[in-house]
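Residue numbers (the working numbering), protein chains in the order written: chain A, 15 to 469; chain H, 8 to 154. We put the CB at the ideal spot given by N, CA and C, even for glycine. In this text the structure is predicted, and so the values were computed from the model without any measurement. What follows is a short report on a single structure.
Structure, rendered in structure tokens:
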């Protein structure tokens with residue numbers, strides 16, 4: 015629409031200007047005319063009042079056709095510069111008295127130019143620049159038709175109608191309308207000046223207000239456009255962030271699910287480790303029992319070896335003593351000496367073997383002791399493993415519960431983010447609408463705003 | 008008795024050791040070898056003497072070491088110790104040995120005296136004569152009593 019594209023300032027200026035012109039025209043057309051009418055009414059009332067006053071003063075003169083008194087009565091009108099003339103016309107048409115302002119001596123006034131009978135002449139009428147007023151004065155009526163007005167009846171009550179057949183004289187009075195016309199012209203001029211001043215001032219004020227409003231609207235539209243652009247950009251970023259957050263939440267949810275599954279696997283593995291640890295503990299106990307039994311056997315073997323060593327030692331002593339006896343026996347004991355030597359060898363061999371076996375038994379016992387220590391360490395390790403696997407199982411179960419809670423929370427967060435993204439999209443749509451509104455407002459105020467909104 | 012004046016070429020000697028130090032003794036001086044038994048200490052006895060014990064009805068005087076005044080202390084008591092019961096003119100002497108070896112013949116040109124160095128199949132040995140020890144013990148004991 016073309017009108018909607020017209021700048022607001024121009025529209026506002028045209029509107030106010032038209033309004034002011036209408037007001038001025040109205041003032042010019044109405045105010046001087048009204049003032050003139052008021053002035054004319056005032057002049058008419060004045061003329062009627064003066065006429066009634068003069069008529070009352072002139073009644074006696076009319077009754078007695080005393081022109082001198084009449085002249086003197088009319089002569090009193092000199093005090094008023096606006097009275098142009100006054101005539102007292104008898105019923106027969108003769109002029110009983112006549113008054114004319116000094117500058118109006120040669121002028122023929124309306125009653126004489128109207129060529130009408132006195133009864134046909136209206137009470138008030140205007141010719142040229144003169145307000146004429148006429149009043150009838152009964153001549154043969156002894157009553158007082160011009161009794162003083164009662165309070166509240168006004169200045170000039172209408173005279174009582176004359177009875178039928180009564181002669182009436184007429185009194186004419188003319189008042190100059192030039193002062194009224196002059197005043198009307200001055201009023202018109204003043205009105206024109208006032209209207210012109212109002213128009214100029216109104217236009218100036220209108221332009222100032224329009225400029226102010228336009229500038230503020232332009233600034234407001236610029237700010238709105240900027241803010242809406244910022245909102246648009248922010249909503250775009252927020253939407254992108256929301257999308258990223260949604261993806262992150264999805265990843266976290268998947269990670270939580272993986273963690274949950276891993277925790278389940280770990281819990282299962284921990285359970286298996288716990289069962290294996292229990293088996294290992296039983297095996298360790300059995301091994302420890304066997305090693306204890308082996309150690310007991312080794313102790314028994316050591317005791318037997320000690321007995322064998324004692325026997326070997328005694329055999330060695332016996333053989334040595336036999337050798338001594340054979341030595342003492344000389345040649346006779348030589349063969350016996352050889353047997354004794356062999357017995358000693360056997361005893362020594364047994365002793366050495368016993369020593370070797372004792373060493374082996376000692377090694378076995380040492381190994382058994384080390385095995386016991388190792389088994390004890392293994393038992394502690396198994397117990398520690400059992401306890402650790404229990405704790406791992408408990409922790410993984412707790413972790414499983416926590417990850418499930420986190421997964422639920424992630425679901426809630428995802429829904430919230432989705433709602434936020436939807437709200438952001440709505441906000442972005444509103445920002446677009448706001449930007450268009452700002453552009454339209456800028457077009458209205460006649461100043462363009464640069465839109466930076468991008469789709 | 009090792010006091011035979013006839014020269015002999017081979018001496019039947021019992022090789023024994025005390026804490027790794029080897030000694031040899033004429034096997035004919037050794038009556039028997041017995042296992043360790045704790046000798047009873049004699050109050051006021053000579054420091055050289057460990058104590059006395061009975062073996063098959065005879066009293067055996069057990070010495071701490073074959074050599075008097077030897078710096079080597081008596082061997083520590085062990086059930087593996089052995090006592091060489093030797094015949095002397097004054098009774099039976101007991102010599103403590105941590106190890107006893109074979110009886111082997113030691114070649115000699117001059118009869119080895121107490122404390123002489125000899126060679127055995129196990130290496131160098133110090134010869135011990137029980138009668139000499141008995142004489143030293145009696146002499147020392149007599150001198151102690153006289154003193």
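Since residue i meets chain H, which of its residues come closer than 8 Å, beta carbon to beta carbon?
i: residue 358 of chain A; result: 109
i: residue 327 of chain A; result: 42 and 87
i: residue 341 of chain A; result: 19, 34, 35 and 110
What in chain A is Cβ-close to residue i, meaning under 8 Å?
i: residue 40 of chain H; result: 331, 334, 335 and 338
From which residue to which residue does the beta strand (DSSP E) around residue i run?
i: residue 23 of chain H; result: 17-25
i: residue 104 of chain H; result: 98-104
i: residue 86 of chain H; result: Careful: residue 86 of chain H lies outside any beta strand (DSSP E) and carries neither H nor E.
i: residue 41 of chain H; result: 37-42
Across which residues does DSSP place residue i in a beta bridge pair?
i: residue 101 of chain A; result: A/112 and A/186
i: residue 132 of chain H; result: H/125
i: residue 139 of chain A; result: A/146
i: residue 111 of chain H; result: H/20
i: residue 47 of chain H; result: H/59
i: residue 33 of chain H; result: H/20
i: residue 94 of chain H; result: H/99
i: residue 28 of chain H; result: H/25
i: residue 151 of chain A; result: A/183
In this structure, how does DSSP classify residue i when only helix, strand and coil are distinguished?
i: residue 256 of chain A; result: helix
i: residue 323 of chain A; result: helix
i: residue 172 of chain A; result: Reliability of the predicted coordinates at residue 172 of chain A is poor, the pLDDT of 48 falling under 50, and the value obtained from them is presented with this limitation in mind. Coil.
i: residue 449 of chain A; result: helix
i: residue 62 of chain H; result: strand
i: residue 70 of chain H; result: strand
i: residue 348 of chain A; result: helix
i: residue 193 of chain A; result: helix
i: residue 46 of chain A; result: helix
i: residue 208 of chain A; result: helix
i: residue 369 of chain A; result: helix
i: residue 53 of chain H; result: coil
i: residue 388 of chain A; result: helix
i: residue 382 of chain A; result: helix
i: residue 77 of chain A; result: helix
i: residue 20 of chain A; result: coil
i: residue 244 of chain A; result: helix
i: residue 116 of chain H; result: coil
So the candidates are the options; which of them puts its Cα closest to the Cα of residue i?
i: residue 61 of chain H; options: H/44, H/74, H/50 and H/71; result: H/44
i: residue 17 of chain H; options: H/113, H/145 and H/135; result: H/113
i: residue 41 of chain H; options: H/143, H/92 and H/85; result: H/92
i: residue 123 of chain H; options: H/52, H/55 and H/74; result: H/74
i: residue 116 of chain A; options: A/99, A/123, A/107 and A/105; result: A/99
i: residue 424 of chain A; options: A/307, A/454, A/416 and A/267; result: A/267
i: residue 220 of chain A; options: A/430, A/419 and A/30; result: A/30
i: residue 121 of chain H; options: H/111, H/39 and H/143; result: H/143
i: residue 138 of chain A; options: A/56, A/415, A/279 and A/252; result: A/56
i: residue 89 of chain A; options: A/112, A/96 and A/78; result: A/112
i: residue 81 of chain A; options: A/227, A/102 and A/300; result: A/102
i: residue 49 of chain H; options: H/133, H/69, H/34 and H/65; result: H/69
i: residue 39 of chain H; options: A/84, A/278, A/410 and A/332; result: A/332
i: residue 430 of chain A; options: A/253, A/53, A/109 and A/105; result: A/253
i: residue 444 of chain A; options: A/238, A/228, A/281 and A/345; result: A/238
i: residue 105 of chain A; options: A/119, A/73, A/123 and A/95; result: A/73
i: residue 55 of chain H; options: H/72, H/63, H/129 and H/67; result: H/72
i: residue 364 of chain A; options: A/340, A/319 and A/394; result: A/319
i: residue 192 of chain A; options: A/50, A/447, A/371 and A/366; result: A/50
i: residue 228 of chain A; options: A/25, A/379 and A/339; result: A/25
i: residue 54 of chain A; options: A/195, A/454 and A/280; result: A/195
i: residue 114 of chain A; options: A/83, A/143, A/188 and A/69; result: A/188
Run through chain H and tell me which residues come within less than 9 Å of residue i, C-beta to C-beta.
i: residue 355 of chain A; result: 109 and 110
Assuming residue i is part of the alpha helix (DSSP H), what are its boundary residues?
i: residue 95 of chain A; result: No alpha helix (DSSP H) holds residue 95 of chain A; DSSP gives it neither H nor E.
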